[in-house]
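Colleague:
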């Protein structure tokens, strides 16, 4: 057989047969191979990304755990503060009721020249217009700047507590100690709100508008109680 005969006679059928076999191979095995590759590639890619970013992921998980812990602490302190305010309210109302029952006012007694302590029927009696405006502003700020609202609201509470305890400076341990001698529950609420304030300052990423709103409302209730407490004489 000559070379030309091989090229013209035998090679075309061989190529045709090889082409048919190759086409069948492609038809049968390539789709399965591509499917297998697709199924394997995603897990491999995920493992590769996790390995390359392992340090960053560890740091992120650490922050997430820290955030969850801090947020839980704030929730616990807020609930405790709210409960303490409720008890302080009951204490003040009981004392005011006892005082009212024990004192008989003569009919010819002149009208008082000072503003009476606020009562539940008029809780904001004695508040200046500026104080009322500040409270409303803090409620709005809690939605827009939660941490700032908590800090500013705490400053207002600390200022009022210093007035009640007759402390010229808002030194927390001394104010709290003096407040305890007036009303234990008010002192506990004062402590818990301060804890929330400190957590908010040191972990601002954990503060949500909801937490800030709850803080502001609880602090306002404590302010109402502080304004009804008897002023303590300076030791």
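Numbering (full-length UniProt numbering), first residue to last: 1 to 235.
Here a beta-carbon is modelled for each residue, glycine too, at the ideal position from N, C-alpha and C.
#1: Which value, in whole angstroms, describes the spacing of the CA atoms of residue 187 and residue 72?
#2: Going by DSSP, what residue range makes up the alpha helix (DSSP H) through residue 154?
#3: Does the stretch 156-175 touch the stretch 205-218, meaning 3 or more C-beta pairs lie closer than 8 Å?
#4: Of the residues 194, 130, 75, which one's Cα is nearest the Cα of residue 257?
#5: Would you kindly work out how many angstroms separate the C-alpha atoms of residue 75 and residue 223, rounded to a whole number?
#6: Can you give me the Cβ contacts of residue 172 inside the same chain, cut-off strictly under 7 Å, excluding the 5 residues immediately before and after it?
#7: Let me confirm a value: residue 166 is counted as buried when at least 16 other C-beta atoms fall within 10 Å, else exposed. Which label applies?
#8: Confirm, please, whether the CB-CB distance from residue 212 to residue 150 is below 8 Å.
#9: Can you give me the C-alpha to C-alpha distance between residue 214 and residue 229, rounded to a whole angstrom?
#10: Going by the CB atoms, is the gap between residue 88 and residue 181 shorter than 8 Å?
#11: Can residue 85 and residue 176 be called in contact, C-beta distance under 8 Å?
#12: Would you identify the three-state DSSP class for residue 89, choosing helix, strand or coil?
#13: Go to residue 189, then tell me how far its alpha helix (DSSP H) extends in each direction, as first and last residue.
#14: How would you write the range of the alpha helix (DSSP H) that residue 227 sits in, first residue to last?
#15: Could you give the DSSP three-state label for residue 231: helix, strand or coil?
#16: Which value, in whole angstroms, describes the spacing of the CA atoms of residue 197 and residue 210?
#17: So which of 201, 231, 219 has the shortest CA-CA distance to residue 190?
#18: Please report the Cβ distance between residue 138 and residue 152, rounded to the nearest whole angstrom; I am assuming they are in contact, meaning their Cβ atoms lie under 8 Å.
#19: I want to check one thing, is the minimum distance from the CB of residue 191 to the heavy atoms of the ligand ADP below 7 Å?
#20: On the three-state DSSP scale, how would you describe residue 82?
Modeller: So, to answer that:
#1: 22 Å
#2: 146-164
#3: no
#4: The shown model of the chain, from 1 to 235, leaves out residue 257, and the question about it has no answer.
#5: Taking C-alpha positions only, residue 75 is separated from residue 223 by approximately 20 Å.
#6: 194
#7: Counting other Cβ atoms within 10 Å of its Cβ, residue 166 stays below 16 and is therefore classed as exposed.
#8: yes
#9: Roughly 23 Å separates the two Cα atoms.
#10: no
#11: No, they are not a contact pair.
#12: helix
#13: Start and end: 184-202.
#14: Segment 209-228, the alpha helix (DSSP H) holding residue 227.
#15: In the displayed model, residue 231 falls within coil according to three-state DSSP, outside both helix and strand.
#16: 14 Å
#17: 219
#18: 6 Å
#19: With respect to the ligand ADP, the structure shown offers nothing to examine, as it has no ligands at all.
#20: helix
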